[in-house]
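**Student:**
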Amino acid sequence: MHHFTCEEFSPKPNRSRWRVFWGVVLTMVTVPPVILVGLLAMSGPSICYDIHDGVLDIRGGKGLLSNHRTVTLGAIRESGVLRLQGGRRVFGTGMPGFCAGRYSYDALGSVWQVTDCRRDVVLLRVEGEALPILVSPPDEARFLAALRERLDGDYSPGRASTPVSWRLFPLLLLIALLPAAAYVPLAAFAAPRRLRYRVANGELEVQLLVFRRRFPLAGRTARRYTPRSAWKVAGSGLPGYFAGSFAVDGQTARVYASVVKSEGVMIEGEPRVFVAPADTEGFLAALQRQGVHLA
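Set out below in structure tokens:
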């Protein structure tokens, strides 16, 4: 006769010092890239050249792509139109219609620039700036006259048409990486504390991080079992939280445990289920009270 009282069992604790170490390492591998991609998704290319109160304000991009210089007009020692050749990006951003940061050119060497990537630009050599500055106003002559005469105004180029792929790629990558970034720290640190085994109503219920798995016990056989090998097929294989389909000693089994290479209980049937309760004796007795045959 079955007993309908729910009996709950904790998993065998994982006392390995490496569990926390690998949890931290895996979290650091998955979370920072997602933060970086998120910042990139919120960033965008934009160019602003604004003259006001004797100062040239150069701004390129926003968010992660941001570049900024403030130049006092009286500190400009040289200015003129230049045609660029043989350039390469050293550090910064390079996308269609937006080239900002540190670049290098055959005839100039290293420069700092915020341009719309055109070849004809305005070169500024400024006292106190280690590198020449390149900008790309839509009307070079008007911009140079404004610098000489200190004429306030906005001399920014029109916003370049950025390909859809450049805008969508960071967003799609963020959507793809978010589940892993959320799951890894939870599985490494919260899931082992959530794991529980409940025996009642002719079923074994396994409480996982979010979901529950139920396995009917009718006609099953259970025995003590110590795996020699366990290879993950699908699911979680993080230290301290093994949940999913595994190849246990060459045979497929569902594994729900904090440790796998330690004595636990193998419940034969379809599917085979391996668990590792802290109280193995009590767990086997609870299974027996539900009609499970003990091998």
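In our numbering, the protein residues as written are 10 to 304. For each residue, glycine too, the CB sits at the ideal point set by N, CA and C.
Just list the beta strand (DSSP E) runs in the region 58–95, keeping only unbroken ones of 3 residues or longer that don't cross its boundaries, in chain order.
**Tutor:** Counting whole runs of 3 or more residues, the region 58–95 contains the beta strand (DSSP E) stretches 64–71, 76–81 and 85–92.
**Student:** How far does the beta strand (DSSP E) with E277 in it extend, from its first residue to its last?
**Tutor:** What you label residue 277 is simply residue 268 of the sequence shown in a count that begins at 1. G273 to E277 is the extent of the beta strand (DSSP E) around E277.
**Student:** Mark V301 as exposed unless 16 or more other C-beta atoms lie within 10 angstroms of its C-beta, in which case mark it buried.
**Tutor:** Mapped onto the sequence shown, residue 301 falls at position 292. Per the 10 Å Cβ criterion, buried.
**Student:** Which value, in whole angstroms, describes the spacing of the CA atoms of A200 and G253?
**Tutor:** The count along the sequence shown starts at 1 and reaches residue 200 at position 191. The count along the sequence shown starts at 1 and reaches residue 253 at position 244. Each residue's Cα considered, the two are about 13 Å apart.
**Student:** Note down the Cα distance separating V257 from I44, rounded to an integer number of angstroms.
**Tutor:** Your numbering for residue 257 matches position 248 in the sequence shown. Your numbering for residue 44 matches position 35 in the sequence shown. Spanning the two alpha carbons is a distance of roughly 37 Å.
**Student:** Where does R202 fall in DSSP's three states?
**Tutor:** As a working mapping, residue 202 is identified with position 193 in the sequence shown. Three-state result, R202: helix.
**Student:** For D125, count the other beta carbons within 10 Å of its own beta carbon; 16 or more makes it buried, fewer makes it exposed. Which is it?
**Tutor:** The residue given as residue 125 occupies position 116 in the sequence shown. With 16 or more other Cβ atoms within 10 Å, it is buried.
**Student:** Are there 16 or more other CB atoms within 10 angstroms of the CB of L99, so buried, or fewer, so exposed?
**Tutor:** In the sequence shown, residue 99 corresponds to position 90, counting from 1. According to the sequence displayed, residue 99 carries Val and not Leu. The residue in question, V99, is exposed, as its Cβ has fewer than 16 Cβ neighbours within 10 Å.
**Student:** Using the beta-carbon count (16 or more within 10 Å), is Q122 buried or exposed?
**Tutor:** By 1-based counting over the sequence shown, the position of residue 122 is 113. It is buried - the Cβ of Q122 has at least 16 other Cβ atoms within 10 Å.
**Student:** So L153 is in the alpha helix (DSSP H); what residue range does that whole segment cover?
**Tutor:** Position 144 of the sequence shown, counted from the first residue, corresponds to residue 153. L153 -> alpha helix (DSSP H) spans E149 to E158.
**Student:** List the residues that DSSP assigns as beta-bridge partners of G300.
**Tutor:** Mapped onto the sequence shown, residue 300 falls at position 291. According to DSSP, G300 bridges with nothing at all.
**Student:** Buried or exposed: which applies to G137, given that a residue is buried once 16 or more other Cβ atoms fall within 10 Å of its Cβ?
**Tutor:** If you number the sequence shown from 1, residue 137 lands on position 128. Exposed.
**Student:** Give the DSSP-derived three-state secondary structure of F220 in the structure shown.
**Tutor:** Your numbering for residue 220 matches position 211 in the sequence shown. Coil at F220, not helix or strand.
**Student:** To the nearest angstrom, report how far apart L186 and R203 are at their CA atoms.
**Tutor:** For the purposes of this step, residue 186 is identified with residue 177 of the sequence shown, where counting begins at 1. For the purposes of this step, residue 203 is identified with residue 194 of the sequence shown, where counting begins at 1. Whole-angstrom Cα-Cα distance: 24 Å.
**Student:** Since K241 sits in a beta bridge, which residues does DSSP pair it with?
**Tutor:** Counting from 1 along the sequence shown, the entry for residue 241 is found at position 232. BP columns for K241 point to F255.
**Student:** When the distance is taken between beta carbons, is Y265 closer than 7 Å to V215?
**Tutor:** The residue given as residue 215 occupies position 206 in the sequence shown. The residue given as residue 265 occupies position 256 in the sequence shown. Cβ atoms of V215 and Y265: closer than 7 Å.
**Student:** Is DSSP giving P194 helix, strand or coil here?
**Tutor:** For the purposes of this step, residue 194 is identified with residue 185 of the sequence shown, where counting begins at 1. Three-state result, P194: helix.
**Student:** Quick test of the definition: if touching needs 3 or more C-beta pairs under 8 Å, does the region 110–117 touch the region 86–95?
**Tutor:** yes
**Student:** Could you check what DSSP says for A262 in three-state terms: helix, strand or coil?
**Tutor:** Residue mapping note: residue 262 aligns to position 253 of the sequence shown, counting from 1. Residue state, collapsed to three classes: strand.
**Student:** Have a look at the DSSP bridge pairing and note the partners of S113.
**Tutor:** As a first step, residue 113 is located in the sequence shown; it is residue number 104 there, counting from the start. Partner(s): R97 and S119.
**Student:** I'd like the list of long-range same chain contacts for R205, defined as Cβ closer than 8 Å, with 5 residues on each side in sequence excluded.
**Tutor:** On the sequence shown, position 196 is the one that residue 205 refers to. Hits under 8 Å: E17, F18, S19, P20, V215 and Q216.
**Student:** Quick one: using the 10 Å Cβ neighbour count with 16 as the cut-off for buried, is G89 buried or exposed?
**Tutor:** Walking along the sequence shown from the start, residue 89 turns up at place 80. It is exposed - the Cβ of G89 has fewer than 16 other Cβ atoms within 10 Å.
**Student:** Using DSSP with H/G/I as helix, E/B as strand and the rest coil, what is E290?
**Tutor:** As a working mapping, residue 290 is identified with position 281 in the sequence shown. Reduced to three states, the DSSP call for E290 is helix.
**Student:** Going by DSSP, what residue range makes up the beta strand (DSSP E) through E136?
**Tutor:** Locating residue 136 in the sequence shown gives position 127, where the first residue counts as 1. From DSSP, E136 is part of no beta strand (DSSP E); its letter is neither H nor E.
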